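Asks:
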Amino acid sequence: MLTAKELRDNRKLYNGNDAQIVSMFKALNEINRYRILCILTKNPKLSVGDIAEILKISLPLASQHIKILTQCHLLQKVRDGKKVIPQLKQDNPFVKAIVQVIQKAQVN
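Position 46 of the sequence shown, counted from 1, bears residue number 46 in UniProt numbering, the numbering being contiguous throughout.
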(Lines of atoms letter the chains of each structure in order from A and count residues from 1; the text may use other names and numbers.)
(Lines give C-alpha, C1' and ligand atoms only; values in the text may rest on other atoms or scores of the structure.)
Protein backbone atom coordinates (compact mmCIF):
# COMPACT_ATOMS: atom_id res chain seq x y z
CA MET A 1 0.00 0.00 0.00
CA LEU A 2 1.11 3.52 -0.73
CA THR A 3 1.46 6.03 2.05
CA ALA A 4 -0.59 9.20 2.04
CA LYS A 5 2.49 11.17 0.93
CA GLU A 6 3.19 8.75 -1.95
CA LEU A 7 -0.42 9.05 -3.06
CA ARG A 8 -0.20 12.86 -3.05
CA ASP A 9 3.10 12.80 -4.92
CA ASN A 10 1.73 10.45 -7.57
CA ARG A 11 -1.42 12.51 -7.98
CA LYS A 12 0.75 15.56 -8.69
CA LEU A 13 1.95 13.77 -11.84
CA TYR A 14 -1.26 14.67 -13.59
CA ASN A 15 -2.42 18.24 -13.68
CA GLY A 16 -5.03 20.29 -15.51
CA ASN A 17 -3.44 19.62 -18.91
CA ASP A 18 -4.59 16.00 -19.05
CA ALA A 19 -7.68 16.65 -21.18
CA GLN A 20 -5.73 18.77 -23.65
CA ILE A 21 -3.00 16.16 -24.04
CA VAL A 22 -5.57 13.40 -24.55
CA SER A 23 -7.28 15.47 -27.26
CA MET A 24 -3.92 15.82 -29.05
CA PHE A 25 -3.41 12.06 -28.98
CA LYS A 26 -6.96 11.53 -30.26
CA ALA A 27 -6.34 13.94 -33.12
CA LEU A 28 -3.25 11.99 -34.15
CA ASN A 29 -5.22 8.75 -34.14
CA GLU A 30 -6.26 9.47 -37.77
CA ILE A 31 -3.62 8.66 -40.41
CA ASN A 32 -4.19 11.75 -42.56
CA ARG A 33 -3.79 14.07 -39.57
CA TYR A 34 -0.51 12.39 -38.70
CA ARG A 35 0.54 12.69 -42.34
CA ILE A 36 -0.33 16.40 -42.32
CA LEU A 37 2.07 16.90 -39.41
CA CYS A 38 4.73 14.90 -41.26
CA ILE A 39 4.25 17.01 -44.39
CA LEU A 40 4.38 20.29 -42.47
CA THR A 41 7.53 19.16 -40.66
CA LYS A 42 9.34 19.00 -44.02
CA ASN A 43 7.41 21.70 -45.92
CA PRO A 44 6.08 24.37 -43.54
CA LYS A 45 4.80 26.75 -46.26
CA LEU A 46 2.26 24.49 -47.99
CA SER A 47 -1.34 25.61 -48.44
CA VAL A 48 -4.36 23.51 -47.54
CA GLY A 49 -4.86 22.81 -51.26
CA ASP A 50 -1.28 21.57 -51.62
CA ILE A 51 -1.71 19.26 -48.63
CA ALA A 52 -4.98 17.89 -50.05
CA GLU A 53 -3.27 17.19 -53.35
CA ILE A 54 -0.31 15.43 -51.71
CA LEU A 55 -2.63 13.24 -49.61
CA LYS A 56 -5.00 12.60 -52.54
CA ILE A 57 -7.99 13.77 -50.49
CA SER A 58 -10.59 16.46 -51.14
CA LEU A 59 -9.98 20.05 -50.12
CA PRO A 60 -12.93 20.01 -47.67
CA LEU A 61 -11.59 16.86 -46.00
CA ALA A 62 -8.09 18.35 -45.71
CA SER A 63 -9.64 21.51 -44.24
CA GLN A 64 -11.58 19.46 -41.71
CA HIS A 65 -8.43 17.60 -40.60
CA ILE A 66 -6.55 20.89 -40.28
CA LYS A 67 -9.43 22.36 -38.29
CA ILE A 68 -9.24 19.47 -35.81
CA LEU A 69 -5.45 19.82 -35.50
CA THR A 70 -5.90 23.56 -34.94
CA GLN A 71 -8.59 23.08 -32.29
CA CYS A 72 -6.29 20.87 -30.24
CA HIS A 73 -3.43 23.39 -30.56
CA LEU A 74 -1.14 21.35 -32.81
CA LEU A 75 -1.47 23.77 -35.76
CA GLN A 76 -2.18 27.42 -36.28
CA LYS A 77 -3.55 29.04 -39.43
CA VAL A 78 -1.73 31.92 -41.08
CA ARG A 79 -3.29 33.88 -43.92
CA ASP A 80 -1.09 34.63 -46.94
CA GLY A 81 -3.31 36.70 -49.25
CA LYS A 82 -6.11 34.37 -50.31
CA LYS A 83 -4.28 31.26 -49.12
CA VAL A 84 -4.50 29.78 -45.67
CA ILE A 85 -1.21 28.28 -44.58
CA PRO A 86 -1.40 25.81 -41.69
CA GLN A 87 1.74 25.86 -39.58
CA LEU A 88 2.97 23.78 -36.70
CA LYS A 89 2.33 25.54 -33.40
CA GLN A 90 5.96 25.86 -32.36
CA ASP A 91 5.21 27.21 -28.88
CA ASN A 92 3.48 23.93 -27.96
CA PRO A 93 5.99 21.55 -26.29
CA PHE A 94 3.88 18.59 -27.44
CA VAL A 95 4.40 19.69 -31.08
CA LYS A 96 8.15 19.92 -30.55
CA ALA A 97 8.17 16.36 -29.19
CA ILE A 98 6.05 15.09 -32.09
CA VAL A 99 8.37 16.76 -34.61
CA GLN A 100 11.37 15.05 -33.01
CA VAL A 101 9.63 11.65 -33.19
CA ILE A 102 8.65 12.24 -36.83
CA GLN A 103 12.19 13.26 -37.76
CA LYS A 104 13.68 10.18 -36.08
CA ALA A 105 11.08 7.89 -37.68
CA GLN A 106 11.80 9.30 -41.15
CA VAL A 107 15.52 8.65 -40.77
CA ASN A 108 15.03 4.94 -40.01
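Every residue, glycine too, gets a C-beta built ideally from N, C-alpha and C. Bear in mind the structure is a predicted one, so any value in this text is a computation, not a measurement.
Please confirm whether MET24 and HIS73 have their CB atoms less than 9 Å apart.
Replies: Residue 24 sits at position 24 when you count from the first residue of the sequence shown. Residue 73 sits at position 73 when you count from the first residue of the sequence shown. Yes, Cβ-Cβ distance for MET24 and HIS73 is below 9 Å.
Asks: Per the DSSP calculation, ILE36 is bridged to which residue(s)?
Replies: Looking up residue 36 in the sequence shown gives position 36. Paired residues: none, contrary to the question.
Asks: Going by DSSP, what residue range makes up the alpha helix (DSSP H) through PRO60?
Replies: Taking the sequence shown and counting its residues from 1, the one referred to as residue 60 is at position 60. Unbroken alpha helix (DSSP H) run through PRO60: 59-71.
Asks: Within the continuous alpha helix (DSSP H) that includes ASP18, where are the two ends?
Replies: Walking along the sequence shown from the start, residue 18 turns up at place 18. 18-27 is the span of the alpha helix (DSSP H), which, as asked, contains ASP18.
Asks: Buried or exposed: LEU40, going by 16 or more other Cβ atoms within 10 Å of its Cβ?
Replies: Working through the sequence shown from its first residue, we reach residue 40 at position 40. Classification of LEU40: buried, given that the 10 Å Cβ count is 16 or more.
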